[in-house]
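Engineer: Pasting in a structure now, in structure tokens, and then I'll have a few things to ask.
In our numbering, the protein residues as written are -1 to 324.
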């Protein structure tokens, strides 16, 4: 239905353009009209891809990594097998390793921060489970902000994949601790599953970080409901959990399903071109590319995941991906 609507919209744009051009437009050939329809569909695809990346920014800002992996990342087995999340030091490869590092690792980090926040502010959570603490106090006093700008989005001519690049000024901080402003770029590859674009490869190219100190939330302020005392914040938090509770993104009808198998052996790759790069070196020292127009996906072409040779070095059968995307 969604695909049909997109074609109808593209046709409507072409008809409107022809009408505006008048009689001279009748000189367009069938091939030229087909080209206009394809271009219209690709323009709509670019808008949808930008929205997917915007969702990534918001999920990450609110610490909703689990919902992010389940809702905007790839779910088809061949795409999950070739998914990757890269930073300067290397790649998490395969959906399972991304889940382990980006979801489970993040939850553990925020859980420890939440417990420390409660202890420092006199909030008694001794009778709470880890899930309850994380649900209510996960992210309190935390700042994760990576906005994206200057989008360059190239949708493949066949409409099955896309490559995109953004610059991202942002900052990360923890209340009462040092924080960092971050300048980095995001390179991402997307693949269409059904009628939806999904995040497939994400690579963060960090240029540099600059530190600052943040005192927000000290002395018992900054509780989830704005109470001034630790005891009041704790009581409000317990009511929050016993009521509807949860984070708002989990109550927005988002699908909790995935092909992720927790028993999978996870793999990690450290690409030489990134492993020697550190936070105080400029990205100019790294190999990087900006998206350009292309016909169809090839792992041999520049992309924002590991190279074909790197995938093959850990036993990933790329032919299975090609077969599933004929």
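Where is the CB? At the ideal position from N, CA and C, for every residue including glycine.
Taking the alpha-carbon of residue 55 as reference, which of 313, 188, 301, 168 has the nearest alpha-carbon?
Structural biologist: Of the candidates 313, 188, 301, 168, the one whose C-alpha sits nearest the C-alpha of residue 55 is 168.
Engineer: Would you please state the rounded distance, in angstroms, between the beta carbons of residue 187 and residue 195? I believe it to be under 8 angstroms.
Structural biologist: 11 angstroms between Cβ atoms; not a contact.
Engineer: Quick one: give me the first and last residue of the alpha helix (DSSP H) that residue 62 is part of.
Structural biologist: Where residue 62 is concerned, there is no enclosing alpha helix (DSSP H), given that its DSSP letter is neither H nor E.
Engineer: Taking just the CA atoms, how far does residue 120 sit from residue 66?
Structural biologist: Whole-angstrom Cα-Cα distance: 32 angstroms.
Engineer: For the alpha helix (DSSP H) that contains residue 76, what are its first and last residues?
Structural biologist: First-last of the alpha helix (DSSP H) with residue 76: 75 to 79.
Engineer: Examine the Cβ distances between the stretch 76 to 85 and the stretch 32 to 48 and report whether three or more of them are shorter than 8 angstroms.
Structural biologist: The stretch 76 to 85 is not in contact with the stretch 32 to 48.
Engineer: Can you round the beta-carbon distance between residue 298 and residue 160 to whole angstroms, since I take them to be within the 8 angstroms contact cut?
Structural biologist: Incorrect: roughly 18 angstroms between the Cβ atoms, too far for contact.
Engineer: For residue 307, count neighbouring C-beta atoms within 10 Å of its own C-beta (all shown protein chains included) and say buried if the count is 16 or more, exposed if not.
Structural biologist: Counting Cβ neighbours within 10 Å, residue 307 comes out exposed, since fewer than 16 surround it.
Engineer: Could you say which of 172, 183, 141 lies nearest to residue 148 if we only look at CA atoms?
Structural biologist: Of the listed residues, the one whose Cα sits closest to residue 148 is 183.
Engineer: On the criterion of 16 or more Cβ atoms from any shown chain inside 10 Å, does residue 310 qualify as buried, or is it exposed?
Structural biologist: Per the 10 Å Cβ criterion, exposed.
Engineer: How about residue 154 and residue 51: are their beta carbons less than 8 angstroms apart?
Structural biologist: No, these two residues do not count as a Cβ contact at 8 angstroms.
Engineer: So for residue 95, helix, strand or coil by DSSP?
Structural biologist: Reduced to three states, the DSSP call for residue 95 is helix.
Engineer: Quick one: grab the DSSP three-state call for residue 111.
Structural biologist: Helix, per DSSP.
Engineer: Considering only the beta carbon of each residue, do residue 89 and residue 304 sit closer than 8 angstroms?
Structural biologist: Cβ atoms of residue 89 and residue 304: closer than 8 angstroms.
Engineer: At what residue ranges does the stretch 104 to 159 contain a whole run of the alpha helix (DSSP H), taking only runs of 4 or more?
Structural biologist: Listed in chain order, the complete alpha helix (DSSP H) runs (minimum 4 residues) inside the stretch 104 to 159 are 128 to 135.
Engineer: Where does residue 318 land, buried or exposed, given buried means 16+ other C-beta within 10 angstroms?
Structural biologist: Exposed, by the Cβ-count rule.
Engineer: Excluding five sequence neighbours on each side, which residues of the same chain lie with their C-beta closer than 6 angstroms to the C-beta of residue 99?
Structural biologist: Hits under 6 angstroms: 90.
Engineer: At what residues does the beta strand (DSSP E) containing residue 310 begin and finish?
Structural biologist: Careful: residue 310 lies outside any beta strand (DSSP E), inside the alpha helix (DSSP H) at 306 to 311.
Engineer: Identify, in the order they occur along the chain, each residue of the same chain with its Cβ nearer than 7 angstroms to the Cβ of residue 321, setting aside the five sequence neighbours on each side.
Structural biologist: Once the five neighbours on either side are set aside, residue 321 has no close Cβ partner at all.
Engineer: Please list, in chain order, all residues of the same chain as residue 59 whose beta carbon is under 7 angstroms from its beta carbon, the five residues on each side excluded.
Structural biologist: So the qualifying residues of the chain are 142, 143.
Engineer: Could you give the residue range of the alpha helix (DSSP H) that holds residue 295?
Structural biologist: Run containing residue 295: none; DSSP gives neither H nor E here.
Engineer: Are residue 152 and residue 300 touching if we call contact CB-CB under 8 angstroms?
Structural biologist: The answer is no: Cβ separation not under 8 angstroms.
Engineer: Residue 54 by DSSP, collapsed to three states: which one?
Structural biologist: Reduced to three states, the DSSP call for residue 54 is helix.
Engineer: On the CB-based measure, 16 or more other CB atoms within 10 Å of its CB, does residue 140 come out buried or exposed?
Structural biologist: By the neighbour-count rule (16 or more Cβ atoms within 10 Å), residue 140 is buried.
Engineer: According to DSSP, residue 191 sits in a beta bridge with which residue or residues?
Structural biologist: According to DSSP, residue 191 bridges with 194.
Engineer: Tell me which same chain residues have a C-beta within less than 6 angstroms of the C-beta of residue 179, skipping the five on either side of it?
Structural biologist: Answer for residue 179: 169, 208, listed in chain order.
Engineer: Locate the beta strand (DSSP E) running through residue 85, then write down its first and last residues.
Structural biologist: Looking at the DSSP string, the run of the beta strand (DSSP E) that includes residue 85 is 82 to 85.
Engineer: Ignore the nearest five residues each way along the sequence and tell me which others in residue 131's own chain have a CB closer than 6 angstroms to its CB.
Structural biologist: Only 112, 123 meet the Cβ criterion.
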